[in-house]
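Notes to accompany the following structure.
Residue numbers (UniProt numbering): 1 to 192.
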């Protein structure tokens, strides 16, 4: 549920609980349009529910697509917008729907599914991406901690220096879809 919908639900709850004596006061307190609140109180459904029959993909199919995006992201292969569009078209074709998707379909899909969003994908070598397993990282951090204790290095004396190298030639950064909790995603480079 997005922030706007939460505000509407809170305004309805407070109005029903008697916190506010008028709809206008509830609308001003929660920052929602009065017409929207009046419509909801009259039984009108939220847009996401009221218009779901107009969506090309069913809610179950969209949930499958979201899960596929998150799975690909976990494999360090977050899909580009074009790949998500292609997957949606394949799902539609399986249903016998051969009409093209709208130009802004990916943007609308992202608005309906806040657990994924568009980030900049940074290209890294495939060998480097595959070498970063949780077990290897844990082993490395245990080695760092053992070395710190053996040499008597205080935690306050440790700081982070990060170098990503020099980009020579063409950079392959592109927009990809990833989990909402990420600011950027690393994409395996096909070149090795």
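From the three backbone atoms N, C-alpha and C, an ideal C-beta is built for every residue, glycine too.
Original post:
Straight-line CA distance for residue 176 to residue 37?
Top reply: 36 Å
Original post:
How would you label residue 109, buried or exposed, when you count the other beta carbons within 10 angstroms and need 16 or more for buried?
Top reply: buried
Subject >> CB of residue 114 within 7 Å of CB of residue 178, strictly >> reply: no
Original post:
Does the beta-carbon of residue 3 have 16 or more other beta-carbons within 10 angstroms, so that it is buried, or is it exposed?
Top reply: exposed
Original post:
Which one of 144, 174, 186 has the shortest CA to CA distance from residue 82?
Top reply: 174
**OP:** Specify the secondary structure class of residue 91 as computed by DSSP and reduced to three states.
**Re:** helix
**OP:** Verify the contact flag: residue 43, CB atom, against every heavy atom of the ligand HEM, threshold strictly below 6 Å.
**Re:** Among the ligands in the structure shown, none appear at all, so the ligand HEM cannot be discussed.
**OP:** Give me the Cα-Cα distance between residue 122 and residue 73, rounded to the nearest whole angstrom.
**Re:** Distance from the CA atom of residue 122 to the CA atom of residue 73, rounded to whole angstroms, is 13 Å.
**OP:** Quick one: using the 10 Å Cβ neighbour count with 16 as the cut-off for buried, is residue 19 buried or exposed?
**Re:** exposed
Original post:
Could you give the residue range of the alpha helix (DSSP H) that holds residue 13?
Top reply: 3-17 is the span of the alpha helix (DSSP H), which, as asked, contains residue 13.
Subject >> Sequence ranges, beta strand (DSSP E) only - wholly within the stretch 119-144, length at least 3 >> reply: none
Subject >> the stretch 83-97 / the stretch 146-156 touching (three or more Cβ pairs under 8 Å) >> reply: no
Original post:
Which word fits residue 6, buried or exposed, when buried means at least 16 other C-beta atoms lie within 10 angstroms of its C-beta?
Top reply: exposed
Original post:
Quick one: what's got a C-beta closer than 6 Å to residue 14's C-beta in the same chain, skipping five residues either side?
Top reply: 20, 26
Original post:
Counting along the chain, where does the beta strand (DSSP E) carrying residue 155 start and finish?
Top reply: Membership of residue 155 in any beta strand (DSSP E) is not indicated, and neither H nor E is assigned to it by DSSP.
**OP:** Just tell me which of 137, 132, 89, 50 has its CA closest to the CA of residue 112.
**Re:** Closest by alpha carbon: 50.
Original post:
Which same chain residues, not among the five before or five after residue 193, have their C-beta less than 8 Å away from its C-beta?
Top reply: Outside the modelled stretch of the chain, which goes from 1 to 192, sits residue 193, for which no answer is possible.
Subject >> Own chain residues within Cβ distance below 6 Å of residue 11, not counting five before or after >> reply: 26, 30, 32, 37
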